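Take 2 as the starting number for the sequence shown in the numbering used here and just add one per residue. Idealized CB from N, CA, C, for every residue including glycine. Since the structure is predicted, the reported quantities are computational estimates derived from the model, not experimental observations. First up is the structure itself, then whatever we jot down about it.
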Amino acid sequence: MLAAVATERSALLRGSTTSLAVVAALIGLLGFVGNVVFREAIAVSGQGFQMLGDALTRAVPPLTGYAAPLVLASGGVVLLGLARLFPEHTLGYGFPRFLEMVNLEGARVQKRWMIVKTLGAAISLGCGASVGREGPIAQIGGSIGSAVAQLLRVPTDRAKLFVACGAAAALAATFGAPIASVMFAQEILLQGEIQLVHFSMIVIATTTSVVASRATLGADTVFHVRTFELASYWELLTYALMGLVLGLVAVGYTRLFHVVLERAARLRVATATKLIAGLMLVGALGIVLPENLSDGYPTIDAALAGRLPWPRMTALAFAKMGASALSLGCGAPGGVFGPIFFIGAMSGGAFRALSALLLPGLTGPRGSYALVGLGTFLAACTHAPLTAIFLLFEMTGNYDIALPALVTSILAVVVASSIEPESIDTLGLARAGRSLRPPREQIMDLIPVSAAFHQAVEPIPAHAPVAEILRLIGESRATSFPVLDTEQRLVGTISVHDIRRLLVDPAATDVLIAADLCDPNVPTVTPSTSLGKALGRMETDDVEEIPVVDEADPRRIVGLLSRADVIRAYNRALLTMRTVPTAAGADELPQWSRAYGVTTLAVPPEWIGRSLRELDCRARFGVSVLAVQADDKPGRTFEVPDPDRVLQEGESMVIAGPTAAVRRLERAVGRVSHDLGRSRA
Numbered sequence: 002m003l004a005a006v007a008t009e010r011s012a013l014l015r016g017s018t019t020s021l022a023v024v025a026a027l028i029g030l031l032g033f034v035g036n037v038v039f040r041e042a043i044a045v046s047g048q049g050f051q052m053l054g055d056a057l058t059r060a061v062p063p064l065t066g067y068a069a070p071l072v073l074a075s076g077g078v079v080l081l082g083l084a085r086l087f088p089e090h091t092l093g094y095g096f097p098r099f100l101e102m103v104n105l106e107g108a109r110v111q112k113r114w115m116i117v118k119t120l121g122a123a124i125s126l127g128c129g130a131s132v133g134r135e136g137p138i139a140q141i142g143g144s145i146g147s148a149v150a151q152l153l154r155v156p157t158d159r160a161k162l163f164v165a166c167g168a169a170a171a172l173a174a175t176f177g178a179p180i181a182s183v184m185f186a187q188e189i190l191l192q193g194e195i196q197l198v199h200f201s202m203i204v205i206a207t208t209t210s211v212v213a214s215r216a217t218l219g220a221d222t223v224f225h226v227r228t229f230e231l232a233s234y235w236e237l238l239t240y241a242l243m244g245l246v247l248g249l250v251a252v253g254y255t256r257l258f259h260v261v262l263e264r265a266a267r268l269r270v271a272t273a274t275k276l277i278a279g280l281m282l283v284g285a286l287g288i289v290l291p292e293n294l295s296d297g298y299p300t301i302d303a304a305l306a307g308r309l310p311w312p313r314m315t316a317l318a319f320a321k322m323g324a325s326a327l328s329l330g331c332g333a334p335g336g337v338f339g340p341i342f343f344i345g346a347m348s349g350g351a352f353r354a355l356s357a358l359l360l361p362g363l364t365g366p367r368g369s370y371a372l373v374g375l376g377t378f379l380a381a382c383t384h385a386p387l388t389a390i391f392l393l394f395e396m397t398g399n400y401d402i403a404l405p406a407l408v409t410s411i412l413a414v415v416v417a418s419s420i421e422p423e424s425i426d427t428l429g430l431a432r433a434g435r436s437l438r439p440p441r442e443q444i445m446d447l448i449p450v451s452a453a454f455h456q457a458v459e460p461i462p463a464h465a466p467v468a469e470i471l472r473l474i475g476e477s478r479a480t481s482f483p484v485l486d487t488e489q490r491l492v493g494t495i496s497v498h499d500i501r502r503l504l505v506d507p508a509a510t511d512v513l514i515a516a517d518l519c520d521p522n523v524p525t526v527t528p529s530t531s532l533g534k535a536l537g538r539m540e541t542d543d544v545e546e547i548p549v550v551d552e553a554d555p556r557r558i559v560g561l562l563s564r565a566d567v568i569r570a571y572n573r574a575l576l577t578m579r580t581v582p583t584a585a586g587a588d589e590l591p592q593w594s595r596a597y598g599v600t601t602l603a604v605p606p607e608w609i610g611r612s613l614r615e616l617d618c619r620a621r622f623g624v625s626v627l628a629v630q631a632d633d634k635p636g637r638t639f640e641v642p643d644p645d646r647v648l649q650e651g652e653s654m655v656i657a658g659p660t661a662a663v664r665r666l667e668r669a670v671g672r673v674s675h676d677l678g679r680s681r682a
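What follows is the structure, encoded as structure tokens:
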């Protein structure tokens, strides 16, 4: 078994498409299994809480029709018990944290995540909390993909691919929509960053999952969609108006959702009190509008069938906004996609009444508007139009829905993103300073001066006469020289441009010394200063180099930072970000020739405890180590490699070099990792 794993891992490190396809199909099958287990857990949980509700009403007949708050409170008690076993991952809205792990932390999802999310979300949905199942399903599938990646010990980019395969496959089995699930992985999970080969592997995973689902469970899906009907092409005008309206509604819901989450987090009450009280309020609302309890899939089906009147759908849409925000805000585990589907379907169906007023006799059935509203609201809240469009198309199998879906989804996304640039999943992260795709202008603020400055300086003594200054400058290729006193403390700097003053008054060369010529007010930075601030000081003072001084002693120089140093560090960061899953603006990064390759490699066990100088990758393999990164550090911090830096367990290396040399190193790493008995080279 271990030999098979080692062989498969070696093939994956070499980038074998066949091996990747096999693993993608396996993850797709496991994603389907995870989906089935989760659905069964929801069914068992629902039956259990239904029996509890029936027992309460039998014991206390006046509770008939009013037991929902007590049932949800009991669900809260069970969730608190689960939280004692898994205190870090059980309660609350977990999908943003999942996005962080995928995009910022090397796609390393803890194995317990699938257990916690399966049980937690099943209890929430079973007791009636107003949450969704799609987010937990994606997290369960993603954790399966991550487990496979950790078993095979693949590099970071492969691990991210496997997580995407698992999440998309688990979701595809729910809706029977393989293409829409691929778009989900691309637009929402990976934040728009995907390579063509990765796209193909995710397609294999989702297709495998859907085939397995239909072969074992039939073609039945969670929503039962009737045939879509477009009464007239004039109707596209009212669909366009609906897109604009739902874009505004999506902004309102996104902000309401996060306001409730933030205020609930700031409440100075015990977690148990907050959870149970919040769920009881949701239960109280359920007494008036019971359709708002749980994920509301039967009610969505009724809306898609056109069986609900528009006043009822309007009330349900607004009630779901409050109930879902309250459920997740008080700590109930679950997702937000289910509430989005619900609100979108109700809003779209209710909007049909306005369409009938605008175009009497040219308006399609209410169910068609509910269906398009479902997809439109999904696109507006998640900023993922392709996911919504393909989901509608695959749910109906009807090409007639293409134009209404395109018009409404694109307009809704344009409106929503222009008002609120962040989606419902990323707004909280952005407010916390954890952007999944930081813009390029932020890169400079993330790199410290210590990662770029050079320590080799050519100082000039403060008492040096002009003749000595000219000799030192003439023998050097530097353009800026720190002037130091007898105690080796910084007095100022002399640049080549400062020497021009001597040409104006040659007689001054007999009396001037370095202390007279230097600029005593030269700006300085410390190693912890960001390159963004350092470059700003260079621009303000119009200098090409700036002294780097000690943190504790601003007159003790430790090096110089030039504009060239800043540019090299910036380009190195861009290159590194193209290779690992924190990339931003990847489509604008440098394109490398086919003869040159860049990759990330986990530090193999045999290299742990050895320095880069000792390993000498350039001499042995013909490659360069651009950066070293510790996977367990928040934000996945990169460090410019010091030759004497000792590699640690759990770290990764960013490697660049000729493609053949990179592949040679990958093969060598594969051999070293699985032959620990071999002596060190």
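- For V550, the uninterrupted beta strand (DSSP E) run begins and ends at E546 to V550, by DSSP.
- Annotation: the segment 340 to 395 contains the following complete segments of the alpha helix (DSSP H) (minimum length 4 residues), in chain order: 367 to 383.
- In chain order, T222 place their CB closer than 6 Å to the CB of F176, counting only its own chain and leaving out the 5 sequence neighbours on each side.
- Rounded to the nearest whole angstrom, the C-alpha separation of S612 and P466 is 44 Å.
- The residues L305, A306 and G368, in chain order, have a CB closer than 7 Å to that of R227 in the same chain once the five nearest residues on each side in sequence are set aside.
- Ranked by Cα distance from F352, the first of E650, A241 and A278 is A241.
- Excluding the 5 residues flanking it on each side, A318 has same chain C-beta neighbours closer than 6 Å at I344, M347 and S348, in chain order.
- Excluding sequence positions up to five before and after L64, its CB lies within less than 6 Å of the CB of L57 and T58, all in the same chain and listed in chain order.
- According to the DSSP assignment, A657 belongs to the beta strand (DSSP E) that extends over E652 to P659.
- Judged by DSSP secondary structure, V458 falls outside any alpha helix (DSSP H); it is assigned neither H nor E.
- Counting the other Cβ atoms within 10 Å of the Cβ of P62 gives fewer than 16, which makes it exposed.
- Secondary structure note for P405: its alpha helix (DSSP H) is the uninterrupted segment A403 to I420.
- The three-state reading of DSSP puts D517 in helix, counting H, G and I together.
- Of L162, F200, P299 and A371, the smallest CA-CA separation from A150 is found for L162.
- Counting along the chain, G493 sits inside no alpha helix (DSSP H); it lies in the beta strand (DSSP E) bounded by residues L491 to S496.
- In the displayed model, V289 falls within a helix according to three-state DSSP.
- In the DSSP secondary-structure assignment, P449 is bridged to S531.
- In this structure P548 is in contact with L491, their Cβ atoms being roughly 6 Å apart against a cut-off of 8 Å.
- For S125, the uninterrupted alpha helix (DSSP H) segment begins and ends at R113 to C128.
- Using a 10 angstroms sphere on the CB of H90, the tally of other CB atoms reaches 16 or more, which defines it as buried.
- For A417 and K118, the gap between their C-alpha atoms comes out near 30 Å.
- Non-local beta-carbon contacts of A324 in its own chain, meaning distances under 7 Å to residues more than five positions away in sequence, involve S131, V283, L286 and N293 in chain order.
- The continuous beta strand (DSSP E) containing F482 extends over residues S481 to L485.
- The bridge partners DSSP lists for V626 are I656.
- Under DSSP, A603 takes part in a beta bridge, and its partners are S653.
- CA-CA distance, L237 to L602, rounds to 51 Å.
- Around the CB of T274, fewer than 16 other CB atoms lie within 10 Å, so the residue is classed as exposed.
- Contact fails between the segment 75 to 93 and the segment 288 to 302, because fewer than three Cβ pairs, one in each stretch, are under 8 Å apart.
- In the three-state reduction of the DSSP assignment, L561 falls in the strand class.
- If you ignore the 5 residues before and after N522, its C-beta comes within less than 8 Å of the C-beta of G493, all in its own chain and listed in chain order.
- DSSP, reduced to helix, strand and coil, places Y240 within a helical segment of the structure shown.
- If you draw a straight line from the Cα of A122 to the Cα of D55, it is about 22 Å long.
- DSSP places V246 within a helical segment (H, G or I) once states are collapsed to three.
- Among the bridge pairs identified by DSSP, V526 is matched with V549.
- Excluding sequence positions up to five before and after G365, its CB lies within less than 7 Å of the CB of E230, L231, A232 and E236, all in the same chain and listed in chain order.
- If you check the CB distance, G376 and G133 do not come in under 9 Å.
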